[in-house]
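Participant: I have a structure here, written as structure tokens, and I will follow up with some questions on it.
Protein chains: 2
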Amino acid sequence: MTANKHQDSATPHYNALCAAFKQIHHFEHLRALGDWDQATMMPSGGSQARGDAMAELALHIHGLKTAPDLVDRLAAAGEEALSSEQVANLREMRYQTLQATALPGELVQQKTALTYACEHAWRQQRKDNDWQGFKPNLEQVIALVREEAQILGEAQQLSPYDALLNKFEPGTRTESLNQVFGEIRTWLPDMIKQVQAKQQSWPSAPVPHTSAAAQQALNLDVMTLLGFDFNQGRLDTSSHPFSGGMPGDVRITTRYDETDFITSLYSTIHEVGHARYEQGLPPKWRTQPVGLARSMAIHESQSLFFEMQLARSPAMIVLLTEKINQHLGTALTNQSLTHLVQRVTPGQIRVDADEVTYPCHIMLRFEAEKGLVDNSLQVADLPEFWDNQMQSLLGLSTKGDYRNGCMQDIHWPVGELGYFPSYSLGAMYAAQFKASMVKTLGDIDSLIQAGEMGQIMAWLEQHIWSQGSLLTTDALVTQVTGEVLNPVHFKHHLEQRYLHQW
Amino acid sequence: MTANKHQDSATPHYNALCAAFKQIHHFEHLRALGDWDQATMMPSGGSQARGDAMAELALHIHGLKTAPDLVDRLAAAGEEALSSEQVANLREMRYQTLQATALPGELVQQKTALTYACEHAWRQQRKDNDWQGFKPNLEQVIALVREEAQILGEAQQLSPYDALLNKFEPGTRTESLNQVFGEIRTWLPDMIKQVQAKQQSWPSAPVPHTSAAAQQALNLDVMTLLGFDFNQGRLDTSSHPFSGGMPGDVRITTRYDETDFITSLYSTIHEVGHARYEQGLPPKWRTQPVGLARSMAIHESQSLFFEMQLARSPAMIVLLTEKINQHLGTALTNQSLTHLVQRVTPGQIRVDADEVTYPCHIMLRFEAEKGLVDNSLQVADLPEFWDNQMQSLLGLSTKGDYRNGCMQDIHWPVGELGYFPSYSLGAMYAAQFKASMVKTLGDIDSLIQAGEMGQIMAWLEQHIWSQGSLLTTDALVTQVTGEVLNPVHFKHHLEQRYLHQW
């Protein structure tokens, strides 16, 4: 029985909800297409008309999700005799509807307009290191986000910041993040120093110049190696790499820099992780909320599994070195590629960070966001807060360098607070999944060497991808690993790779 | 005052209609994007989900166009004090709404399903020359089209075939087409023989092999020469060339065959004609029905103006020869390119026909369609009818060769009767516009030689493109040329180019 063929006459309300969410799914398909096209294909002259069309579409989808009939049926369907999968679908429907209905339309419109203006100005202000110009805009955005968080929290009996987290990571609470990040903070800064000391003897290895066309051929070849299904997706170019499209037609992008093929290659591998998750979601539930990826952190766990766990493992480095030399005409050794992709260097910019220093960037932002939302940190004090944290976590000063400090990310200008933790949660889940996988499949390196990468993919497909949103995040992680999030696996992973491996 | 800012309180119904059609326009934007992507970018695995999403979107647009409130306001707005442009917009709104409301939803669904199946089977049947397999499918489609034509005709006080013509060429009637094509038929078969005799001495000139990449560079360069605005459009590749997208973001396509750059180049030029029309539509009316291109024939008049009038003119052949040799590394002379693009050869396939023999293919189909719709021609008798017409018009036999006979076009399998005449009407309008243009600007060749192609474009923009649908087709053509459609200009054009030029 597929989700579209629920003709069980005993569940009329649930059936009607499935039909309504299938309709929403079709319009979401068009939204995904519009977003992808805008980033990859659309000429500049198309931007006004596209913006208008996408706003109309968003309004229509919002209208469908908040239709009174649908909201009424959500309660009534709870009384019907549903299978456990149907119950899960109903839970996800309720979650989506609540997110859509909780906020008054006026506030949504106000936020859209305000963040649009703030982001637009920020693009120039960041270039100009113009904190004084940016500050009042950000203050307005934060004030509105506080209001949003307040309303969302009241509707869900959550604290304001928990309500923001809940938008991206249903079920994740500030308290557990405090614990997790608090624990990491006890060992990470020291570990970074140890790794740096260990790597001091590494020769500096310049990245060879290579053409964009050759890099693209390399990327396509590596995508095939990683099982990307080109009948169900594409690779294109955009100014920021992303994974978009829809299950059955997943569109990933990368960018090309002739002086740095590593970034293009590894960002492509990262996006393949996202893409295989999407391509592997349960086809039976494709049009329903329960058929969607579990959360941003679980999504990130798959992309980081590919980018970090898999593509920086010794056996994979051997395979990649060969493909790089073949496509790019370079003469890398396994060791020189290792040095290029495993070097740990504290830096100011989050998106350029290696996997060891990356959590520091997230912990800083997590602390800042909590303060901004509960009013204990003011926007005016953000630069000083930022500098203190960077000093303590990575030993770097950002004084006066707003551009590479608190103005570096797009998230706050567009009003997306509560998102940053997902990145590090993803890295931790990836390590935890890997630890579980190794217990049944054995060492990943041996599998790759034996040409058995398919076993790794099948494990991910069975345990993560095909599960969609049937379980909550905690239930899924417990089912796969026997415990909820446990950062010790991430610590072991970093120790093993960066302190013990050589 | 722009169409979106009609805040005149004296015209509340008209204002509400503008808002409704603006909304429809936004969803049509998404439809155009979905269609373009499907033909150019979408991997095969995306086809089911895209089909479902596009069907949902079509249903939604149909719902918007037939909303009872909208239909009521169409009558009420007629009583309001409107400007002449607003009256024209209201006329186009009524036309669109009538096309959408006239047919019962069941019939539309039935036709969609039936033609989908017929087209799908036809793709294989055509390859197999399988007339016996195709015949019963086409019979079903024609029966349904008769029903559609009957209902559409009753709703508009038109004969059934006129109602089909009216879908593509508002205002065009069978009677005037009978006259026009009847007149052409008196001289065209003879002219074809004369041209062939004249061209007998032409040496056979093989088309040089050239790479797809070089052909693409050539196409892009020629597009720039023709004023295509790349900030408002793109060139991509698809299996059949087309022009799509939206004003402000016009997407044209071509295909590449290394043994035939001429087809790619001239089909690109053809699509640039369509694109410049779309790019030149009145920005003030962009979201409204009156801002759309006038009709399929006027659209085709612009593409054929570019492809035939302009790109086969002696001065343009000089420019193109130079660009071809530069990009493709060929050594064509102006004369050899002339021989490649002006050779007249009767053939069985419409889409491969030159501009002299092309109307024969259309006249045949026009006669067949009239008979199929008024029941005087049965599907079973179509092959014999086809063969007789091909013998009489072009002196060719198609006996037993259904694949290259009555099974060659996609139009009938998909149930689109009434469309074919637009192609030839376009060619005739193009010649008529050219004759008018020459009166004020002087000879086109002299303008091109003087580097004044911009004057040609400005003339088209002023007289055709910027007019959108403000006037009916007859009123537009009369305003531009002083008379309604007159095929004598087409005849003079062919005589001048193919009989007198050398």
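The listed protein sequences correspond, in order, to chains A and B. To convert, take the position in the first sequence, counting from 1, and add 220; that gives the numbering used here. To convert, take the position in the second sequence, counting from 1, and add 220; that gives the numbering used here. All C-beta atoms, glycine included, are put in the ideal place defined by N, C-alpha and C. This structure is a prediction, so every number in the text was calculated from the model and none was measured.
#1: How many angstroms separate the CA atom of Asp289(B) from the CA atom of Arg570(B)?
#2: Are any of the Cβ atoms in chain B nearer than 9 Å to that of His683(A)?
#3: Taking C-alpha atoms, which residue in Val697(A), Leu614(A), Gly646(A) and Lys619(A) lies nearest to Asp410(A)?
#4: Please compile the residues from chain B whose C-beta is within a distance smaller than 7 Å of the C-beta of Phe450(A).
#5: Any idea what DSSP makes of Met221(A), helix, strand or coil?
#6: For Val708(B) versus His683(B), is the C-beta distance shorter than 9 Å?
#7: Skipping 5 residues on each side, what residues in its chain have a beta carbon closer than 6 Å to that of Glu248(B)?
#8: What are the partner residues of Met466(A), as DSSP defines its beta bridges?
#9: Tell me which residues share the same chain as Thr394(B) and place their Cβ nearer than 8 Å to its Cβ, disregarding the 5 neighbours each side in the sequence.
#10: What is the DSSP secondary structure of Gly453(A), reduced to helix, strand or coil?
#11: Which value, in whole angstroms, describes the spacing of the CA atoms of Lys285(A) and Leu294(A)?
#12: Taking Cβ positions only, does Arg570(A) come closer than 9 Å to chain B?
#13: Between the Cα of Met466(A) and the Cα atoms of Gly453(A), Gln628(A) and Ser459(A), which residue gives the shortest distance?
#14: Among Ala297(B), Ala239(B), Trp256(B) and Met262(B), which residue has its Cα nearest to the Cα of Asp231(B)?
#15: Pick helix, strand or coil for Thr479(B), following the three-state DSSP scheme.
#16: Taking the DSSP output, what are the residues bridged to Thr558(B)?
#17: How would you list, in chain order, the residues of chain A whose beta-carbon sits under 8 Å from the beta-carbon of Leu277(B)?
#18: Give me the subset of the region 680 to 707 of chain B whose CB atoms are less than 7 Å from a CB atom of chain A, sorted by chain position.
#19: Taking DSSP as the reference, what is the three-state secondary structure of Thr474(B)?
#20: Taking CB distances under 9 Å as the criterion, tell me whether Met627(A) reaches chain B.
#21: At what residues does the alpha helix (DSSP H) containing Asn376(A) begin and finish?
#22: Applying the 10 Å Cβ sphere with the 16-neighbour rule, what's the burial state of Ser644(A)?
#23: From which residue to which residue does the alpha helix (DSSP H) around Tyr336(B) run?
#24: Using 9 Å as the threshold, is the C-beta distance between Ser689(B) and Arg514(B) below it?
#25: Which residues of chain B have a Cβ atom closer than 7 Å to the Cβ of Leu253(A), listed in chain order?
#26: Check whether the region 422 to 437 of chain A touches the region 550 to 565 of chain A, counting contact only when three or more Cβ pairs, one atom from each stretch, lie closer than 8 Å.
#27: Which of the residues in the region 430 to 458 of chain B, read from start to end, lie with their CB under 9 Å from any CB of chain A?
#28: Pick from Thr698(B), Gln316(B), Asp350(B) and Gly635(B): whose alpha carbon is nearest that of Ala369(B)?
#29: I'd like to check one pair, Asp456(B) with Ile472(B): are the Cβ atoms closer than 9 Å?
#30: Could you tell me whether the Cβ atoms of Pro633(B) and Thr430(B) are closer together than 9 Å?
#31: Please confirm whether Asp350(B) has its beta-carbon closer than 9 Å to some beta-carbon of chain A.
#32: Beta-carbon of Thr474(A) versus every beta-carbon of chain B: anything under 9 Å?
#33: Going by the beta-carbon positions, is the gap between Ser487(A) and Pro461(A) smaller than 9 Å?
#34: Closest to Gln716(B) by CA distance: which of Ala434(B), Gln687(B) and Ser533(B) is it?
#35: Report the three-state DSSP secondary structure of His226(B) (helix, strand or coil).
#36: If we count the other Cβ atoms within 10 Å of its Cβ and call it buried at 16 or more, is Arg343(A) buried or exposed?
Facilitator: Reading it off the structure:
#1: 45 Å
#2: no
#3: Leu614(A)
#4: Pro263
#5: Reliability fails at Met221(A), whose pLDDT of 38 lies under 50, so the model's placement of it is uncertain and the value that follows must be treated cautiously. Coil.
#6: no
#7: none
#8: Asp469(A)
#9: Ser379, Tyr381, Asp382, Leu385 and Lys590
#10: strand
#11: 11 Å
#12: no
#13: Gly453(A)
#14: According to the sequence displayed, residue 231(B) carries Thr and not Asp. The option with the nearest alpha carbon to Thr231(B) is Ala297(B).
#15: coil
#16: Per DSSP, none; premise fails for Thr558(B).
#17: His246, Phe247 and Leu250
#18: none
#19: strand
#20: no
#21: The residue asked about is misnamed: residue 376(A) is Gln in this sequence, not Asn. Trp351 to Gln376 is the extent of the alpha helix (DSSP H) around Gln376(A).
#22: buried
#23: Gly325 to Lys347
#24: yes
#25: Leu253, Gly254 and Asp257
#26: yes
#27: Asp449, Phe450, Asn451, Gln452, Gly453, Arg454 and Asp456
#28: Gly635(B)
#29: yes
#30: no
#31: no
#32: no
#33: yes
#34: Ser533(B)
#35: Note on His226(B): pLDDT 47, under 50, position unreliable in the model; the coordinate value appears next. Note: His226(B) maps to coil in three-state DSSP.
#36: exposed
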